[in-house]
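Accompanying notes for the structure given below.
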Amino acid sequence: MRREVPLAITFITGFLLIIGFFIPHDPIGGLQSMFLQWYAIIAGFTMVLGLMTLTRIHTRRIVKRTQGFGYSVILIGAMLGTLVVGFYSGIKYKGLFELGTPFMWYYNNILVPLSATMFSLLAFFIASAAYRAFRARTIEATLLLIAGVLVMIGRVPVGNLIWNKLPIIAEWIMNIPQLAAKRGILIGVALGMIATSLRIILGIERTYLK
Amino acid sequence: MAEIIGIWVAAFLTLCIFSFLYKDNPLYKFAEHLYVGSSAAYMLVYFYFFNIKPMLIDKFIAETGLARWILIIPTFLGVIMLLRIHPKIGWISRWSIAFTMGIGAGIGIVAGIHGYILPQTKATFLPLFIKGDLIQSANNIILVVGVLTTFLFFYFSKEHKGLLKPPVKIGMAFIMVSFGASFGYTVMARLSLLIGRIYFLLHNWLHLI
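So the sequence lines, in the order shown, correspond to chains A and B. Here the first sequence stands for residues 33 to 242, where the numbers follow the working numbering. Here the second sequence stands for residues 438 to 646, where the numbers follow the working numbering.
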């Protein structure tokens with residue numbers, strides 16, 4: 033019961049999704065689109081689960097007064113604040129992202145700066161990582177270094193000032209050798225994805241049941 | 438007024454995160470925890486208004502008969518997903534996980550074939566010689582050789598020795614160029630974000646430029 037039912041559910045839903053692609057007519061096509069909607073609904077509930085887990089972890093920290101519990105207070109406060117502002121804006125105004133809603137203010141002045149700055153910080157760390165990784169010790173490492181440097185220089189105005197062919201070379205690297213390897217990797221990834229999906233549908237891969 | 442407060446808040450948070458460049462400090466930790474809490478709740482709000490509300494609540498109100506009551510199934514699967522945090526009855530959540538895994542696997546097969554394998558293979562069937570256009574011919578040859586050798590590099594059923602060694606080496610070279618180019622591309626994307634943040638501080642906040 034604890035294993036058989038989930039295995040049967042996985043088999044039926046997975047199989048129906050594949051069949052639905054080849055027979056897009058009712059009732060299979062209808063069932064397929066209904067299952068996809070259900071999938072989106074359940075995905076919404078998983079967000080609730082994520083929030084519940086996060087709240088539980090940080091509430092425990094606050095209750096036990098562990099070191100840095102004040103940050104947990106900030107996290108839970110931010111979470112509750114976003115929820116209140118989000119639901120208030122979503123219910124009171126026509127849409128969540130309507131201009132002038134409190135949620136849009138929150139989104140533009142808190143979420144966007146935080147996420148953009150957090151990712152921009154990576155520019156510094158990626159540069160120090162490059163210093164360590166880009167050492168022309170072997171032919172492969174040299175190729176990595178040359179391709180990286182050419183793409184970086186070729187994509188900024190100073191590259192064009194140094195030599196007007198640099199942007200063309202950078203573009204060529206992106207469109208030909210980079211694309212070739214990426215295409216090979218993508219096909220490989222897709223084959224792996226299909227093999228894993230088949231293993232899941234047929235019940236060979238069961239690690240998700242643990 | 439709200440706009441001015443917003444700019445000051447955004448500038449303060451930007452500086453809090455940039456302070457990490459000096460060292461890990463309470464201001465950075467404050468911004469970090471604020472970011473985690475806000476983005477987690479943002480995702481829930483987003484999923485509620487774009488998934489749960491239109492697909493479940495609004496539909497339940499609008500529909501009649503079987504189309505209405507069948508919505509109890511995804512609600513049930515969603516609710517039992519929440520039981521995962523309970524150690525004794527957490528096993529029931531496997532039903533909804535199994536459902537999402539089944540859908541994901543089904544989509545994986547269809548998307549793998551139609552989204553990746555077929556279009557990528559089709560795009561690789563290129564003419565290796567184009568009369569009067571040597572550059573395009575050379576590019577096409579490089580592209581085809583690159584795809585095939587990269588593919589061979591990931592073929593592990595046979596040891597990369599003998600006849601297989603030279604093409605695998607070429608494949609490795611292509612992969613390295615690709616990684617280098619992707620790295621450069623990522624660096625540029627991060628730098629443009631950095632420029633955006635610095636521009637925000639100097640232009641929107643301090644009005645210096």
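We treat Cβ as the ideally placed atom computed from N, Cα and C, and that holds for glycine.
Is the Cβ of residue i closer than 8 Å to any Cβ of chain A?
i                 : result
TYR472 of chain B : yes
ALA499 of chain B : no
TYR636 of chain B : no
MET438 of chain B : no
TYR459 of chain B : no
SER615 of chain B : yes
ARG531 of chain B : yes
PHE593 of chain B : no
VAL605 of chain B : no
PHE562 of chain B : no
TRP528 of chain B : yes
GLY502 of chain B : no
LEU643 of chain B : no
ARG505 of chain B : no
Ordered along the chain, which non-local residues of its own chain (more than five positions away) have a Cβ less than 8 Å from that of residue i?
i                 : result
THR561 of chain B : LEU580, VAL581, VAL584
LEU176 of chain A : ALA165, PHE166
THR42 of chain A  : ILE232, ILE233, GLY235
SER530 of chain B : ILE517, MET518, LEU519, LEU520, ARG521
ILE612 of chain B : THR587, PHE590
ILE185 of chain A : GLY191, ILE194, LEU198, ALA202
Compare the C-alpha of residue i against each of the options and name the closest.
i                 : options                                : result
LEU112 of chain A : B:LEU520, B:TYR636, B:GLY474           : B:GLY474
ILE540 of chain B : A:ILE208, A:ILE232, A:TYR120, A:LEU218 : A:ILE232
ALA610 of chain B : A:ALA202, A:GLU203, A:PRO209, A:TRP204 : A:PRO209
MET518 of chain B : A:GLU36, A:ILE106, A:ARG238, A:THR85   : A:THR85
ALA173 of chain A : B:HIS640, B:PHE616, B:ILE546           : B:PHE616
TYR400 of chain B : A:LEU153, A:ILE226, A:GLY216           : Residue 400 of chain B falls outside the range modelled here, since chain B spans only 438 to 646, and no answer is possible.
LEU182 of chain A : A:PRO199, A:LEU193, A:PHE54, A:PRO189  : A:PRO199
ALA148 of chain A : B:ALA439, B:LEU643, B:GLU469, B:HIS644 : B:GLU469
ASN462 of chain B : A:PHE77, A:ILE171, A:GLY100            : A:GLY100
ILE171 of chain A : B:ALA618, B:TRP528, B:VAL614           : B:VAL614
Whole angstroms are fine: how far does the CA of residue j sit from the CA of residue i?
i                 : j                 : result
GLY109 of chain A : ASN577 of chain B : 57 Å
PHE637 of chain B : ALA448 of chain B : 8 Å
ILE444 of chain B : VAL117 of chain A : 18 Å
TYR472 of chain B : PHE536 of chain B : 31 Å
LYS126 of chain A : MET66 of chain A  : 27 Å
GLY46 of chain A  : SER229 of chain A : 8 Å
GLY61 of chain A  : LEU481 of chain B : 29 Å
VAL446 of chain B : TYR139 of chain A : 12 Å
CYS453 of chain B : ILE205 of chain A : 38 Å
LEU639 of chain B : ILE646 of chain B : 6 Å
ALA575 of chain B : THR512 of chain B : 57 Å
LEU514 of chain B : ILE546 of chain B : 23 Å
ILE51 of chain A  : ILE219 of chain A : 23 Å
LEU193 of chain A : LEU143 of chain A : 37 Å
LYS525 of chain B : ILE74 of chain A  : 22 Å
LEU503 of chain B : VAL95 of chain A  : 47 Å
TYR553 of chain B : VAL221 of chain A : 9 Å
LYS214 of chain A : PHE54 of chain A  : 29 Å
GLU237 of chain A : THR451 of chain B : 45 Å
ARG88 of chain A  : GLY76 of chain A  : 19 Å
Quick one: is residue i near chain B, going by C-beta distance under 8 Å?
i                 : result
VAL183 of chain A : yes
TRP195 of chain A : no
ASN192 of chain A : no
ALA213 of chain A : yes
PRO209 of chain A : yes
GLU172 of chain A : yes
ILE226 of chain A : yes
GLY216 of chain A : yes
ALA168 of chain A : no
Please state the DSSP three-state secondary structure of residue i.
i                 : result
GLN64 of chain A  : helix
LEU112 of chain A : helix
TYR592 of chain B : coil
ALA161 of chain A : helix
HIS551 of chain B : helix
LEU143 of chain A : helix
ASN488 of chain B : helix
LEU643 of chain B : coil
TYR409 of chain B : Here chain B has residues from 438 to 646 only, and residue 409 of chain B is not among them.
TRP204 of chain A : helix
SER76 of chain A  : The question names Ser, yet the displayed sequence has Gly at residue 76 of chain A. Helix at GLY76 of chain A.
LEU600 of chain B : helix
Who are the Cβ neighbours of residue i in its own chain at under 6 Å, not counting the five residues just before and after it?
i                 : result
LEU589 of chain B : PRO604, VAL605, GLY608
PHE457 of chain B : TYR465
PHE631 of chain B : A small fix is needed here, since residue 631 of chain B is Leu in this sequence, not Phe. Cβ neighbours of LEU631 of chain B beyond the five flanking positions: none.
Leaving aside the five residues before and after residue i along the sequence, list all residues of the same chain whose C-beta is less than 7 Å from its C-beta, in chain order.
i                 : result
LYS496 of chain B : LEU508
HIS597 of chain B : VAL605
Taking 7 Å as the cut-off, is the CB of residue i close to at least one heavy atom of the ligand MN?
i                 : result
ILE158 of chain A : Although the ligand MN was asked about, the structure shown includes no ligands whatsoever.
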